[in-house]
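S.K.: One structure coming up, written as structure tokens, with questions to follow.
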Amino acid sequence: MQRITSSWIEPLWYGSIFLGSGGGGKSELLASLLDKYLKDKDIPLMGIEDLPGGDFFCGVGFLGSPELTEENLPSGKEIKIAIEELERYTGIEFRGISVVEGAGVNIFYPLLAALKTGLPVVDGDAMGRAFPELQMTTYHLENLPVTPLVLVDGTYNVHLFLEKQDTFLLELNTRQIVCQKGGVGYFAGFPYPGSVLRKVLLPKTISFAREIGECFLKAESYGELVDLLLEVTSNSFYGPVVEIFKGTIKNISIFSTSKWKAATLVSKGDELQLLFQYENLLAFKNGHIAASVPDLICAIDLDKLKPVNNNEFYEGQPLTLLGLPAPLRLRINKALDVVGPQCFGYRTIYMPLEKIYKDFYRGVYF
Amino acid sequence: MKIALGILKNGRTGTIIASSGKSILYEGRFCLENFSEKLLHCVSVLGVSKDDVEKIYLSAPFFSERQDCVFPIIHFRIAPELFGDVPAYPYYLLNNVKILQSTPENLAEKIEENLSLIKNASVISTISPFGLVYPKQESKVVSIMVNFGKEKILTSRDYPHLGFYQREKVLIIAGNFLVSALPLIYQIKSFFSPLNPGIYWVENEAVFLEADFLPGSCGVYHEVAPLIQIARGCAVIHDCGYALALFKMGSTFKLFQIEGTRVNELPLQFNLNSTAFIQLQRQLYDIKNRYSKDLCGTIPVFNFSRYDFADCDPFRFYKVDFMKLKLLRYIGLIFAPKSLASGTICEQKNLFDIKKNLFRKLYLVSRRYDLLKSPLAFSQEIPIRYLTSSFIILKVELRERDGEIEGIKRQRRR
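So the protein lines, in turn, are chains A and B.
Count along the first sequence from 1, then add 5; that gives the number in my numbering.
Count along the second sequence from 1, then add 275; that gives the number in my numbering.
As structure tokens, then:
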């Protein structure tokens with residue numbers, strides 16, 4: 006069993022931003038807090054294959070606006086309340102914590118929960134990247150409900166969703182509470198035994214995030230970074246990373262509501278339109294599709310050689326967009342029904358990166 | 276001869292300086308009671324009239340010592356019982372402040388317990404988590420305090436900084452400004468009346484103080500203000516178009532970039548496990564990569580840390596005599612580029628109109644007081660998502676055009 010120590014935090018930080026695919030948020034305060042706690046402690050990280058079949062684990066995470074976490078920095082007390090409440094209702098004593106969204110803030114929050122409860126964390130997640138809604142998980146693909154779920158809002162009120170509930174409806178209900186109570190919420194739910202998690206979770210995503218982050222710490226040039234990323238991603242269940250575009254942001258436009266945004270990148274007569282909401286969702290190069298959700302579209306700031314979220318974009322910023330193929334389980338028709346481009350309101354179908362960059366992938370694989 | 280005055284105040288005493296260009300012509304100590312006399316002394320020693328005083332700069336940090344057990348600032352922190360631990364703020368900020376932490380339910384009780392303190396306070400500030408977008412708790416405090424006859428009440432909405440601790444610190448700084456700096460501003464105004472020299476608040480840039488303190492313009496650089504001013508002063512004295520200044524604060528390095536008279540901090544990358552030296556090395560490496568394309572020649576680095584660094588292309592490290600720090604700070608204060616700033620929080624749908632109005636207001640102020648000749652307009656929008664409406668924190672700013680910087684850059688590119 007591996008152990009998460011303070012030396013993990015920095016690579017996890019960059020890995021979490023990369024896998025956030027433009028969204029997922031980040032909180033330096035939370036990462037610093039964890040770093041402080043982990044100086045004299047560590048967190049056991051259980052591989053999926055090691056999960057005891059009969060032991061129950063609960064999924065924890067953060068809902069809402071990562072920016073607003075700094076309004077009321079999570080201390081871990083709130084998730085302890087949520088887990089205890091869930092244990093009281095289900096009568097189950099949880100033996101570990103599972104990660105629901107293995108990207109952005111939601112990589113770090115379960116670690117805080119693990120520290121506060123003294124439980125181990127499972128090395129795997131149910132999204133493989135950042136997604137904004139509760140139904141966009143592998144649990145949903147296996148027809149497993151999220152409930153019973155306990156939600157603690159930003160003002161520390163506890164909300165119980167104990168009866169079996171449609172995940173779409175649950176997403177609406179939790180979102181409504183989060184929006185009304187300070188824009189943040191912390192949940193404990195997905196109470197499943199190890200035997201189920203072994204089938205449901207995408208394995209090793211936490212250690213994968215760390216490996217990705219290590220690339221950013223080691224690389225001294227862009228070429229070196231791409232080589233390192235290629236090596237790490239080729240040896241994962243995601244697939245080799247591909248360069249979609251390298252250029253400068255010409256402009257950023259916001260459509261009717263702040264949810265719909267687009268950035269235009271230019272380079273030597275070529276133009277790329279990146280459409281994003283919370284995460285980067287679609288890219289069109291010279292009018293042709295260049296990448297689409299659920300494949301990951303990750304932005305790298307070329308000045309700093311570090312991954313950036315889309316809320317950090319600014320005009321004139323030199324960027325590279327890298328595409329990382331989504332895990333196969335997110336590409337099946339049932340998954341595309343909840344995570345495909347049309348689920349975010351775009352009238353286009355999913356086009357796998359391997360199909361768009363045939364020549365590149367032929368070169369990598371053969 | 277046109278002169279500029281600089282006023283620095285720490286604790287009970289302060290310093291007045293007068294300068295013309297890069298020459299410091301006068302330096303005198305004052306206390307609150309003899310401030311007007313010292314102003315008169317300054318003007319008469321220099322043999323100038325009040326008419327010749329063009330600008331007055333007040334420099335952060337600016338605070339006064341509490342003389343008795345009366346707290347001039349009462350700060351209400353309305354937070355739930357489970358609210359996380361609040362970090363310790365610097366002692367000098369809390370010297371005049373009594374923080375009353377209460378849950379929304381126990382507010383009335385808390386007020387009753389501290390009634391005498393509240394009655395004696397001159398400034399009330401209040402904060403609650405999410406107070407930017409949900410001002411209900413803060414409004415409750417405001418309405419009670421209005422009933423007590425309090426006039427100076429500061430809330431989250433006046434200082435829209437995202438992040439509870441950052442906003443709370445800024446609110447406390449603003450409270451200190453009202454207690455310590457405002458009485459001096461009144462004295463300055465009455466001394467120069469009917470003339471109206473521009474009065475500026477300097478943390479990084481010189482922010483023009485209109486009739487009231489422009490919200491959102493204090494607090495951000497409060498702690499590093501002296502370092503910024505020293506860095507700027509050093510670049511001005513040595514006529515550097517582009518330079519870096521290196522300081523060490525505690526265990527971390529602080530690196531500032533100076534372009535003309537504009538200074539900005541280059542944050543060392545988020546790097547938890549690396550030592551401060553490695554972080555600094557990485558930052559310098561980034562600068563080298565970024566600027567080698569545009570700039571030729573060496574980049575001077577004014578080294579105020581107590582460490583020796585070897586020169587390495589393109590950086591040349593200069594050790595600065597610590598005896599000169601005071602002079603450099605004075606020059607840096609007087610040469611602060613002028614700016615007019617304002618900020619607010621608004622809904623996405625009203626953003627365009629509010630932004631237009633704020634800019635119009637700033638242009639009017641600029642024109643009325645003849646501040647900025649052909650200003651550059653800047654705005655920053657920080658969206659806050661996952662709320663009932665889409666809120667945006669909006670900051671708008673007019674800055675002095677620094678033609679000199681461009682000229683120097685072009686020269687170096689050649």
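Yeah, the Cβ is synthetic: ideal placement off N, Cα and C, and Gly gets one too.
Small disclaimer: the values here were computed from a predicted structure and weren't measured.
DSSP three-state label for Leu-167/A, please.
M.R.: Here residue 167/A is taken as the residue at index 162 of the first sequence, counted from 1. It is coil, neither helix nor strand.
S.K.: In angstroms, rounded to a whole number, what distance separates the CA positions of Lys-427/B and Ile-348/B?
M.R.: Sequence index remark: in the second sequence, residue 427/B carries index 152 (1-based). Sequence index remark: in the second sequence, residue 348/B carries index 73 (1-based). Between Lys-427/B and Ile-348/B, the C-alpha separation is close to 10 Å.
S.K.: Would Lys-613/B and Phe-483/B be called neighbours here (beta carbons separated by less than 9 Å)?
M.R.: As a working note, residue 613/B is residue 338 in the second sequence. As a working note, residue 483/B is residue 208 in the second sequence. Yes.
S.K.: Give every residue of the same chain whose Cβ lies closer than 6 Å to the Cβ of Phe-365/A, excluding the five residues on either side of it in the sequence, and list them in chain order.
M.R.: Residue numbering aside, residue 365/A sits at position 360 when the first sequence is read from its first letter. So the list reads Val-247, once near-sequence residues are dropped.
S.K.: Provide the residue span of the alpha helix (DSSP H) that contains Arg-642/B, from first to last.
M.R.: As a position in the second sequence, residue 642/B is number 367, starting the count at 1. From DSSP, the alpha helix (DSSP H) with Arg-642/B extends over 626-643.
S.K.: Just the chain B side, please: which residues come within less than 9 Å of Val-313/A by C-beta, in chain order?
M.R.: Against the first sequence, residue 313/A aligns to sequence position 308. Per Cβ cutoff of 9 Å: no residues; Val-313/A is ~12 Å from chain B at best.
S.K.: Would a check of beta-carbon distances place Lys-223/A closer than 9 Å to chain B?
M.R.: Position 218 of the first sequence, counted from the first residue, corresponds to residue 223/A. By this cut-off, Lys-223/A is not an interface position.
S.K.: Would you list, in sequence order, the uninterrupted alpha helix (DSSP H) runs of no fewer than 4 residues that lie entirely inside the stretch 568-615 of chain B?
M.R.: Segments of the alpha helix (DSSP H) lying fully in the stretch 568-615 of chain B: 600-609.
S.K.: Quick one: list the residues of chain A neighbouring Tyr-434/B, beta-carbon separation under 9 Å, in chain order.
M.R.: For this step, residue 434/B is matched to residue 159 along the second sequence. By Cβ distance, chain A contributes nothing, its closest Cβ being about 14 Å from Tyr-434/B, past 9 Å.
S.K.: Quick check on Gln-504/B: buried or exposed, where buried means 16 or more other Cβ atoms within 10 Å of its Cβ?
M.R.: As a first step, residue 504/B is located in the second sequence; it is residue number 229 there, counting from the start. The residue is buried, with at least 16 neighbouring Cβ atoms inside 10 Å.
S.K.: Check the Cβ-Cβ distances between Pro-330/A and every residue of chain B, and say whether any is below 9 Å.
M.R.: As a first step, residue 330/A must be located in the first sequence, where it is residue number 325. With 9 Å as the cut-off, Pro-330/A does not count as an interface residue toward chain B.
S.K.: Of all the options Cys-515/B, His-513/B, Phe-531/B and Ile-512/B, which has the alpha carbon lying nearest to the alpha carbon of Leu-521/B?
M.R.: Taking the second sequence and counting its residues from 1, the one referred to as residue 521/B is at position 246. With distances taken between Cα atoms, Leu-521/B lies closest to Phe-531/B.
S.K.: Just the C-alpha distance for Thr-269/A and Asp-326/B, rounded to the nearest angstrom, thanks.
M.R.: For this step, residue 269/A is matched to residue 264 along the first sequence. For this step, residue 326/B is matched to residue 51 along the second sequence. Cα to Cα, the separation comes out at about 53 Å.
S.K.: Helix, strand or coil for Trp-18/A? Go by DSSP, reduced to three states.
M.R.: Here the question's residue 18/A lines up with position 13 in the first sequence. Three-state DSSP puts Trp-18/A in a helix.
S.K.: Of the choices Phe-552/B, Val-318/B, Leu-333/B and Tyr-638/B, whose alpha-carbon is the least far from that of Val-477/B?
M.R.: Here the question's residue 477/B lines up with position 202 in the second sequence. Out of Phe-552/B, Val-318/B, Leu-333/B and Tyr-638/B, Leu-333/B has the C-alpha closest to the C-alpha of Val-477/B.
S.K.: Whose C-beta lies closer than 8 Å to the C-beta of Thr-253/A among residues of the same chain, with five residues either side of it excluded?
M.R.: Position 248 of the first sequence, counted from the start, is the residue given in the question as residue 253/A. Within the same chain, Thr-253/A has close Cβ partners Leu-270, Val-271, Ser-272, Gly-321, Gln-322, Pro-323 and Leu-324.
S.K.: What are the start and end residues of each continuous beta strand (DSSP E) run of 3 or more residues lying completely inside the stretch 266-296 of chain A, in chain order?
M.R.: Complete beta strand (DSSP E) runs here, min 3: 266-272, 275-281 and 285-290.
S.K.: For Arg-660/B, would you say it is in contact with chain A, using Cβ-to-Cβ distances shorter than 9 Å as the test?
M.R.: The residue you call residue 660/B lines up with position 385 of the second sequence. Chain A contact via Cβ: present.
S.K.: Per DSSP, Tyr-461/B forms a beta bridge with which residues?
M.R.: Position 186 of the second sequence holds residue 461/B. In the DSSP output, where bridge partners are listed per residue, Tyr-461/B has none listed.
S.K.: With C-beta atoms as the reference, is Ser-21/A less than 9 Å away from Gly-218/A?
M.R.: Start at 1 with the first residue of the first sequence, and residue 21/A comes out as number 16. Start at 1 with the first residue of the first sequence, and residue 218/A comes out as number 213. For Ser-21/A and Gly-218/A, yes; Cβs fall inside 9 Å.
S.K.: Could you say which of Ile-182/A, Phe-192/A and Phe-289/A lies nearest to Thr-663/B if we only look at CA atoms?
M.R.: Walking along the second sequence from the start, residue 663/B turns up at place 388. The shortest Cα separation from Thr-663/B among Ile-182/A, Phe-192/A and Phe-289/A belongs to Ile-182/A.
S.K.: Which word fits Ile-474/B, buried or exposed, when buried means at least 16 other C-beta atoms lie within 10 angstroms of its C-beta?
M.R.: Taking the first residue of the second sequence as 1, we reach residue 474/B at position 199. Its Cβ being crowded by 16 or more others within 10 Å, Ile-474/B is buried.
S.K.: Flag this pair as yes or no: are the beta carbons of Phe-113/A and Leu-43/A separated by less than 9 Å?
M.R.: Residue mapping note: residue 113/A aligns to position 108 of the first sequence, counting from 1. Residue mapping note: residue 43/A aligns to position 38 of the first sequence, counting from 1. Not a contact, by the Cβ cut-off of 9 Å.
S.K.: Look at the alpha carbon of Pro-458/B and the alpha carbon of Phe-221/A, and state the distance between them as a whole number of angstroms.
M.R.: Position 183 of the second sequence, counted from the start, is the residue given in the question as residue 458/B. Position 216 of the first sequence, counted from the start, is the residue given in the question as residue 221/A. Taking the straight line from one Cα to the other gives about 52 Å.
S.K.: Residues of chain A with CB closer than 9 Å to the CB of Asp-561/B, please, in chain order.
M.R.: Position 286 of the second sequence, counted from the first residue, corresponds to residue 561/B. Result: Asp-308, Lys-309 and Leu-310.
S.K.: Answer yes or no: do Ser-69/A and Tyr-638/B have a C-beta to C-beta separation smaller than 9 Å?
M.R.: For the purposes of this step, residue 69/A is taken as the residue at position 64 of the first sequence. For the purposes of this step, residue 638/B is taken as the residue at position 363 of the second sequence. Per the sequence shown, the amino acid found at residue 69/A is Gly instead of Ser. Contact: no.
S.K.: Given this structure, state the Cα-to-Cα distance separating Tyr-362/A from Arg-215/A, to the nearest angstrom.
M.R.: Working through the first sequence from its first residue, we reach residue 362/A at position 357. Working through the first sequence from its first residue, we reach residue 215/A at position 210. Roughly 27 Å separates the two Cα atoms.
S.K.: The ligand FAD heavy atoms versus the CB of Val-110/A: any closer than 8 Å?
M.R.: No copy of the ligand FAD appears in this structure; indeed no ligand is present at all.
S.K.: How about Val-65/A and Ile-53/A: do their beta carbons lie closer than 9 Å?
M.R.: The residue labelled residue 65/A in the question sits at position 60 within the first sequence. The residue labelled residue 53/A in the question sits at position 48 within the first sequence. Going by C-beta atoms, Val-65/A is not nearer than 9 Å to Ile-53/A.
S.K.: Does the Cβ of Ala-652/B have 16 or more other Cβ atoms within 10 Å, making it buried, or fewer, making it exposed?
M.R.: As a first step, residue 652/B must be located in the second sequence, where it is residue number 377. The residue is exposed, with fewer than 16 neighbouring Cβ atoms inside 10 Å.
S.K.: List the endpoints of the continuous alpha helix (DSSP H) containing Leu-307/B.
M.R.: Here residue 307/B is taken as the residue at index 32 of the second sequence, counted from 1. No alpha helix (DSSP H) holds Leu-307/B; DSSP gives it neither H nor E.
S.K.: Closer than 7 Å, Cβ to any Cβ of chain B: which residues of the stretch 153-180 of chain A, in chain order?
M.R.: Residues passing the 7 Å Cβ filter: Gly-159, Thr-160 and Tyr-161.
S.K.: Counting only C-beta atoms, is Leu-357/B closer than 9 Å to chain A at any point?
M.R.: Within the second sequence, the letter at position 82 stands for residue 357/B. So yes, Leu-357/B belongs to the interface.
S.K.: Which class does Leu-34/A belong to by DSSP, given the choice of helix, strand or coil?
M.R.: Along the first sequence, one-based indexing puts residue 34/A at 29. Helix at Leu-34/A.
S.K.: How many Å lie between Arg-690/B and Phe-213/A at the Cα?
M.R.: The structure shown does not extend to residue 690/B, since chain B is modelled only from 276 to 689, so the question has no answer here.
S.K.: With three or more beta-carbon pairs closer than 8 Å as the criterion, would you say the stretch 302-321 of chain B touches the stretch 277-289 of chain B?
M.R.: Counting Cβ pairs under 8 Å, three or more are found: they touch.
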